[in-house]
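Taking it in order: structure first as structure tokens, then the write-up.
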Amino acid sequence: LSPVSFADCGEQRRAMYLSDDTRFKVSRDGVISVTWPLQLQQQEISFSVHTWDAVGKKHSARVTLRRQRHHRRHHHHRHQQQDAAPGVLTFPEPGHGLRRQKRDWVIPPINCPENERGPFPKKLVQIKSNKDKETKVFYSITGQGADTPPVGVFTIERETGWLEVTKPLDREEIDKYVLFSHAVSANGQPVEDPMEIIITVTDQNDNRPIFTKQVFIGYIEENAKPGTSVMTVNATDADDGINVNNGIIGYSILSEEPKSAQQMFTINREKGIISVIGTGLDRETTPNYTLIIQAADQEGNGLTNTATAIVEVTDANDNPPVFSPNMYEGTVNENEVGVVVARLHVTDQDMQGSPAWQAVYHIKGGDRNGDFNITTDPKNNDGILKTAKGLDYETGSRYNLVVTVENTVPFTVPLVLSTATVLVMVRDVNEAPIFVPPVKRVQVMEDLPLGHQVTSYTAQDPDRDQRQKITYRMGSDPAGGRAIDPENGIVTAAQPLDRESVHAINSTYK
């Protein structure tokens, strides 16, 4: 096809060229030829040719093959026939012994494609010693694949030096073999120092990508903005992803369920990162999505495999609790503390049990003196309104409370608080009359005549709306010396008062 050459500071030395495209090979004189008949499907093909200098440094050249409408077929055919046979590796010239091999003589790797059909054994390269002009030379090889496991993968024809492979190779098992070729005379004496030969098993795309798991689960908060990452899916490929693209994976989304007017998710082709692309993720409408993910090698154009990615949409506090109903009535007896006045019910579309669902109630109006409190029932989210103090019917028989509700976490979007009104009616209870003042002190002379008025002590009934008759009686009178009129509460002397009586302590009688 074309000659290629590398300059090495003006020094002439043997060079071995290596193509990174197994469809082409380069002979020692730099002529590129096809390995097998090739029909160009594209306008051009590009590949690289590599060689190594005396110190082992790699040099590369880019080759582009373009399709031409007219060409000299017979000339092309001649070169193809000429280069069809494998190349020849010659032992270093005298003076380039084993001790200087690493510095002055670098043998480039020999490429051998995996999974070849044969027939076997198949010739790879001919090992040749220049000493064969002087004496009969016999060749042998040692190393992995020859005389160490796996034994017998490579053999060498003892007299001709043809290095052969005996079976199909698998790059995923062993990607490189290091052999040493030996040349000896008929009497078994070495005629050359051992020469290192590296056989590189070139990759064929014979492995599909494999996902690290069949089901991936990720979480994303509802209303997340486009560009927000959800999760990363990952697949591996045993093929070569360094020298060729057989092991380079490209990711794509095959399907998204449920379907909507817009696609909600996208995936990074190279990294497998799934992120949000659409707007309007709403857990209350669509709590989860199922994506079928494809991994294809050769950068998305080769063998494929699939896995499932489940995206769970997590709750955000984008729905307010709403009173249902928003008007309540309750009745409570006066003077009772901690009594349930009413239960207030709310609905919330956010996830039940989550902080975005849990309600917090506040009394915003109608309770200037703090007569009520309201708490949340953790079981059903109801608001429980109770009396914080004993209510007095005579002071206030009717309360109009205004209650609002929110959640334990702030809203993620602007929302209006729901409000409810609670009408509380206080029921009048028959309360005992009250003496005013509760303790009354009077002074009288001893020896007060019988029947003489000591004092008048009347009581008041706090139940203004209940017309009830008050009757008086003596509650405590150890000496029995006083009497009280049941109608008007006038206390009179029933016996003479005696300052020296045992019932008078410090001249005071109770």
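Numbering (the numbering used here), first residue to last: -5 to 504. We put the CB at the ideal spot given by N, CA and C, even for glycine. If you're wondering where the values come from, they're calculated on a predicted model, not measured in any experiment.
- Counting along the chain, residue 293 sits inside the alpha helix (DSSP H) bounded by residues 291 to 294.
- The bridge partners DSSP lists for residue 393 are 418.
- Rounded to the nearest whole angstrom, the C-alpha separation of residue 249 and residue 307 is 18 Å.
- Straight through space, the alpha carbons of residue 399 and residue 389 are spaced by roughly 29 Å.
- The residue from 403, 110, 268 and 386 with its alpha-carbon nearest to that of residue 310 is 403.
- By the Cβ criterion, the stretch 237 to 244 is not in contact with the stretch 175 to 192, since fewer than three pairs of Cβ atoms, one from each stretch, lie closer than 8 Å.
- In this structure, the CA atom of residue 44 is about 11 Å from the CA atom of residue 24.
- Just measuring C-alpha positions, the residue of 393, 18, 110 and 376 sitting nearest residue 358 is 393.
- Here residue 105 is bridged, per DSSP, to 194.
- Residue state for residue 367 is assigned as strand, using DSSP reduced to three classes.
- Within a 10 Å sphere around the beta-carbon of residue 479 sit fewer than 16 other beta-carbons, which makes this residue exposed.
- Taking all protein chains in view, the Cβ of residue 170 is surrounded by fewer than 16 other Cβ atoms within 10 Å, so the residue is classified as exposed.
- Ranked by how close their Cα comes to the Cα of residue 217, the residues 196, 200 and 278 have 278 in first place.
- When secondary structure is reduced to three states using DSSP, residue 124 falls in the helix class.
- With contacts defined as CB atoms closer than 8 Å, residue 397 and residue 339 fail to qualify as a contacting pair.
- Short of 7 Å from the beta carbon of residue 211, and not among the five residues preceding or following it, lie these beta carbons of its own chain, in chain order: 304 and 306.
- Fully enclosed beta strand (DSSP E) runs of no fewer than 3 residues occupy 334 to 338 and 353 to 359 of the stretch 329 to 369, in order along the chain.
- In this structure, residue 131 sits away from residue 139, with a CB-CB distance that is not shorter than 8 Å.
- Under DSSP, residue 326 takes part in a beta bridge, and its partners are 420.
- Residue state for residue 21 is assigned as coil, using DSSP reduced to three classes.
- When C-alpha distances from residue 270 are compared across 287, 222 and 264, the shortest belongs to 222.
- In the structure shown, residue 183 falls within a coil segment according to DSSP collapsed to helix, strand and coil.
- Residue range 447 to 450 is occupied by the beta strand (DSSP E) that includes residue 447.
- Taking a C-beta distance under 8 Å as the contact criterion, residue 380 and residue 436 do not qualify as a contact pair.
- Assigned with DSSP and collapsed to three states, residue 136 falls in strand.
- For residue 242, there is no enclosing beta strand (DSSP E), as DSSP gives it neither H nor E.
- A Cβ-Cβ contact shorter than 8 Å links residue 194 with residue 103.
- Within the same chain, 82, 84 and 155 come within 6 Å of residue 122 by CB-CB distance, once the 5 residues on both sides are set aside.
- Residue 269 has 223 and 260 as its beta-bridge partners, per DSSP.
- About 5 Å separates the beta carbons of residue 293 and residue 239, which is inside the 8 Å limit, making them a contact pair.
- Per the coordinates, the alpha-carbon of residue 349 lies some 19 Å from the alpha-carbon of residue 368.
- Relative to residue 203, the option among 117, 172, 251 and 295 whose CA is nearest is 295.
- If you look at residue 298, you'll find it in the beta strand (DSSP E) that goes 298 to 308.
- Here the alpha carbons of residue 290 and residue 229 stand approximately 9 Å from one another.
- Residue 444 holds the alpha-carbon nearest to the alpha-carbon of residue 485 among 444, 461 and 454.
- When rounded, the separation of the alpha-carbon atoms in residue 376 and residue 410 is 19 Å.
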